[in-house]
Amino acid sequence: MIIYYILAILLLALDQWSKLAIVNNFALHEVKEVLPGILSLFYIRNEGAAWGIFEGRMFFFFVITVVVVGAMVYNAHKQGFDKKIVGISYAFLLSGALGNFIDRMRLGYVVDMFRLDFIDFPIFNVADVCLTIGVILMAVYILFFEEEEQTASKSKLKK
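Numbering-wise (the working numbering), the sequence shown opens with residue 150 and increments by one.
Printed below as a string of structure tokens:
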């Protein structure tokens, strides 16, 4: 169990460090190409949620984040961490939620910096990547492993 919290802390530290590096080294709306035609660093301030929706609703984000993080921690402890994919998923989800939450509480906005140059896609940050990976891992578990485990548990009970 502790290993998943350590992973979450490391991911949260990476998120906060990357945001600090952008703020300290870029002017607002400054762009620097990293991989030409693929990836640029572009410092923006996002005052909303994903894709800028619900802009300026800080109290809403505060309540939602506290409820979601509380529910994640509760469910993780209730279900246990015996499935690695679930524990890793929770670590990514927790770090992503807390990374953007810290920005909103400390700054009043979220620092975003990664821009995909080959597609029209919203600018994002490490916390957003963590949330995406966490959701994908949880979906993989639910779609491919959860039912299999439930079936195995039921057959053990019948014996």
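Backbone N, C-alpha and C fix where the C-beta goes; we use that ideal spot for every residue, glycine too.
Between the Cα of Ser189 and those of Leu280, Gly197, Phe175 and Asn195, spot the shortest distance and give me the residue it belongs to.
For this step, residue 189 is matched to residue 40 along the sequence shown. Of the listed residues, the one whose Cα sits closest to Ser189 is Phe175.
Using CA atoms only, rank isn't needed, just tell me which of Met287, Phe273, Val215 and Ile291 is closest to Ile171.
In the sequence shown, the residue the question calls residue 171 occupies position 22. Comparing Cα positions, the closest option is Phe273.
Is the beta carbon of Gly245 closer than 8 Å to that of Gly186?
As a working note, residue 186 is residue 37 in the sequence shown. As a working note, residue 245 is residue 96 in the sequence shown. Contact: no.
Cβ distance (whole Å) where Arg264 is taken to contact Phe191 below 8 Å
By 1-based counting over the sequence shown, the position of residue 264 is 115. By 1-based counting over the sequence shown, the position of residue 191 is 42. Confirmed, about 4 Å.
Using the beta-carbon count (16 or more within 10 Å), is Asp269 buried or exposed?
Taking the first residue of the sequence shown as position 1, residue 269 is located at position 120. By the neighbour-count rule (16 or more Cβ atoms within 10 Å), Asp269 is not buried but exposed.
Suppose you measure from the CA of Asp261 to the CA of Lys168; what does that come to, to the nearest Å?
Counting from 1 along the sequence shown, the entry for residue 261 is found at position 112. Counting from 1 along the sequence shown, the entry for residue 168 is found at position 19. So the two alpha carbons sit approximately 7 Å from each other.
Can you tell me which of the three DSSP states Glu296 falls into?
Translated into positions along the sequence shown, residue 296 becomes position 147. The answer is helix: DSSP assigns Glu296 an H, G or I state.
Given this structure, state the Cα-to-Cα distance separating Tyr258 from Gly197, to the nearest angstrom.
Start at 1 with the first residue of the sequence shown, and residue 258 comes out as number 109. Start at 1 with the first residue of the sequence shown, and residue 197 comes out as number 48. Going by the C-alpha atoms only, they are around 7 Å apart.
DSSP state of Phe263 mapped onto helix, strand, coil
Numbered from 1 along the sequence shown, position 114 holds the residue referred to as residue 263. In this structure, Phe263 counts as strand in the three-state DSSP scheme.
Return the bridge partner residues of Asn195 from the DSSP annotation.
Residue mapping note: residue 195 aligns to position 46 of the sequence shown, counting from 1. Answer is Val259.
Take Arg194 as the anchor and find which of Gly236, Phe267 and Glu179 has the nearest alpha-carbon.
The count along the sequence shown starts at 1 and reaches residue 194 at position 45. Looking at the Cα atoms, Glu179 is the closest of the given residues.
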